[in-house]
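Student: No gaps in the numbering here: position 203 of the sequence shown is 202 in numbering that gives the first Met the number 0, and each next residue is one more. Every residue gets a Cβ at the ideal spot worked out from N, C-alpha and C, and that includes glycine. These figures come from a predicted structure and were not determined experimentally.
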Amino acid sequence: MKWSWVVALALAPGCTDASGESGGPDSTHLTDSEDTAPPGDSVDTAAPALVCPADMVPLGPADDDPALCIDPYEATVTGDLGDPDQHTGSGDPTTATAASLVGVVPTTLVSFGQAAATCANTPVVDGRPELGQRRLPSAQEWEDAGDGLWGDGGSIWPYGDTWDDEACATPTADGAVTLTETQATGSYPACVSGFGVYDSTGNAWEWTDSGIVMDIADWFDTADATGVDVSQGPGDTLVAAPGAEDALLLRMQGLHQRTPERDADGTLFLPPEGFDDNALGIAFTGYLVLQADGQDLATLPVFFDVPIRETSQEGPATTSDEPVLILWDADGATVPDKRGCAWYTGSEEGCRLDAGSLDHLHDFLGTISFRCVADPYAGTR
């Protein structure tokens with residue numbers, strides 16, 4: 000699924016650079032010979048250049064100081080990732096840190112919350128706490144790193160604008176799977192951007208920060224302002240007036256049917272035939288967004304939760320319709336954005352660098368990895 004939306008860049012942890020003031024010849028009267036430069040030498044008053052850590056690559060406009068630093072490879076995690084089962088991404092405190100290593104299979108089965116916490120637990124530079132910690136990239140930062148151009152433009156895939164079945168660890172252009180497992184980082188030397196960032200397309204999906212913050216009350220206000228008559232019912236259910244369900248779109252992994260149905264009393268529900276057969280048996284979570292003629296009316300989705308779907312060993316069991324429930328615990332959380340496709344899924348369109356997916360919540364585990372970013376700092380590495 001290809002998405003288009005305006006992404007608000009996530010704010011990076013601030014890094015303050017300590018530097019002394021350099022006064023010009025007119026600002027200080029020099030009287031002592033030890034305070035003057037030797038004859039023939041000039042005093043360098045230029046500010047220190049901005050640099051990136053040795054294990055990261057710089058991003059930014061050509062011939063300028065770097066605007067951002069990013070891991071060149073998908074993450075290898077060391078330590079305990081903590082509890083992924085938190086819709087808000089908080090989870091248990093993590094002791095994990097991330098490294099960007101070539102020639103190793105990256106860590107997958109990482110939730111959005113775990114990825115964000117791991118980056119936040121990883122120092123920009125070991126032994127220099129004043130430089131702060133790393134963070135997850137925003138969707139736009141990640142896209143820029145992969146397309147080789149800071150800002151608008153850039154290539155469709157890391158290697159260019161013409162699809163190549165062999166360039167990255169991806170399915171073929173029409174979606175045929177040719178690999179059997181996640182590959183070691185850097186195994187595809189052509190799968191690299193102009194900045195030197197590898198494997199953005201293919202191998203493992205990667206988490207990014209969409210910049211969208213969950214605001215359930217605002218979602219209801221938007222629905223009311225656009226004439227969509229939907230409200231909270233008993234037990235956190237959603238109740239819609241006749242026809243209002245047509246303006247609601249479900250975004251949820253494993254779901255074929257994208258609009259909810261309406262019961263006689265107005266309660267919104269999901270019938271079992273709307274799901275993939277192999278997806279039944281999962282406690283589903285996803286998003287509900289407003290739409291009109293297939294287009295979103297708002298970029299602020301509201302969480303919903305389908306709490307129980309039983310399945311037997313022989314296949315999907317017959318189950319009753321399940322009501323759509325609001326997941327209030329997720330209010331105020333950031334919406335995850337999954338990028339880049341993986342070795343086993345995707346296509347020419349689905350693996351585009353500008354194609355994102357909002358189908359997952361913070362605790363989803365799959366063939367998803369991540370990479371961290373950091374602010375550049377003044378001085379030497």
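P270: buried (16+ other C-beta within 10 angstroms of its C-beta) or exposed?
Tutor: Result: exposed.
Student: If you measure between the beta carbons of I215 and I325, is that distance less than 8 Å?
Tutor: Closer than 8 Å, so yes.
Student: Considering only residues of the region 179 to 263, which uninterrupted alpha helix (DSSP H) runs meet the minimum length of 4 residues and lie entirely inside it, listed in chain order?
Tutor: 215 to 224, all fully within the region 179 to 263.
Student: Please confirm if the region 215 to 230 is in contact with the region 121 to 131, defined as three or more CB-CB distances below 8 Å between the two stretches.
Tutor: No, they do not touch.
Student: Look at the alpha carbon of P259 and the alpha carbon of M213, and state the distance between them as a whole number of angstroms.
Tutor: Answer to the nearest angstrom: the Cα atoms are 20 Å apart.
Student: Measuring CA to CA, which of R250, R261, D235 and G234 is closest to E244?
Tutor: Answer by Cα proximity: R261.
Student: List the whole-angstrom C-beta distance separating P136 from V334, where the pair is believed to meet the contact cut-off of C-beta under 8 Å.
Tutor: Not quite, the Cβ-Cβ distance comes to about 15 Å (not below 8 Å), so this is no contact.
Student: What is the DSSP secondary structure of W156, counted as helix, strand or coil?
Tutor: W156: strand per DSSP, three-state reduction.
Student: Starting from the Cα of H359, find the closest Cα among Y286, E321, E348 and G378 and give me that residue.
Tutor: Of the listed residues, the one whose Cα sits closest to H359 is Y286.
Student: Have a look at G193, P188 and G185 and flag the residue whose alpha-carbon is nearest the alpha-carbon of G153.
Tutor: Of G193, P188 and G185, the residue nearest in Cα terms is G193.
Student: If you drop the 5 nearest sequence neighbours on each side, which residues of the same chain put their C-beta closer than 7 Å to that of G59?
Tutor: Only P65, A66, L67 and W149 meet the Cβ criterion.
Student: Expressed to the nearest angstrom, what Euclidean distance is found between the alpha-carbon atoms of L357 and D264?
Tutor: About 30 Å.
Student: Evaluate contact between the region 109 to 123 and the region 362 to 376, counting only Cβ atoms and requiring at least three cross-stretch pairs below 8 Å.
Tutor: With the cut-off at 8 Å, the region 109 to 123 and the region 362 to 376 touch.
Student: How should G102 be labelled, buried or exposed, when 16 other C-beta atoms within 10 angstroms of its C-beta is the threshold for buried?
Tutor: Looking at its Cβ environment, which holds fewer than 16 other Cβ atoms inside 10 Å, G102 is exposed.
Student: Would you mind stating whether C118 and A97 have Cβ atoms separated by less than 8 Å?
Tutor: Contact: yes.
Student: Beta-carbon within less than 7 Å of S110's beta-carbon, same chain only, minus the 5 sequence neighbours each way: which residues are those?
Tutor: Excluding sequence neighbours, S110 sits near P83, H361, D362, F363 and L364.
Student: Below 8 Å on the Cβ atoms is my contact criterion, and I expect E348 with A341 to pass it. Report the Cβ-Cβ distance as a whole number of Å.
Tutor: Actually they do not touch by this definition, with Cβ atoms about 15 Å apart.
Student: Hey, how far is the Cα of V50 from the Cα of A115?
Tutor: Cα to Cα, the separation comes out at about 23 Å.
Student: Is it true that the CB of T107 sits closer than 8 Å to the CB of T389?
Tutor: Past the edges of the chain, shown from 0 to 380, lies residue 389, and the structure says nothing about it.
Student: Count the other CB atoms, across all protein chains shown, that sit within 10 Å of the CB of V323; report buried if there are 16 or more and exposed otherwise.
Tutor: It counts as buried.
Student: Return no unless some Cβ of chain D is closer than 8 Å to the Cβ of A216.
Tutor: This model lacks chain D altogether, as it is built from one protein chain only.
Student: Whole angstroms are fine: how far does the CA of Y158 sit from the CA of P151?
Tutor: One point to set straight first is that residue 151 is Asp, not Pro, in the sequence displayed. C-alpha separation (whole angstroms): 17 Å.
Student: Using a 10 Å radius around the Cβ and a threshold of 16 neighbouring Cβ atoms, would you call D220 buried or exposed?
Tutor: Exposed is the call here.
Student: Under the rule that 16 or more other beta-carbon atoms within 10 Å means buried, what is E180, buried or exposed?
Tutor: That one is exposed.
Student: Hey, quick one: how far does the alpha helix (DSSP H) through D336 stretch, first residue to last?
Tutor: Not the alpha helix (DSSP H): D336 falls in the beta strand (DSSP E), residues T333 to R338.
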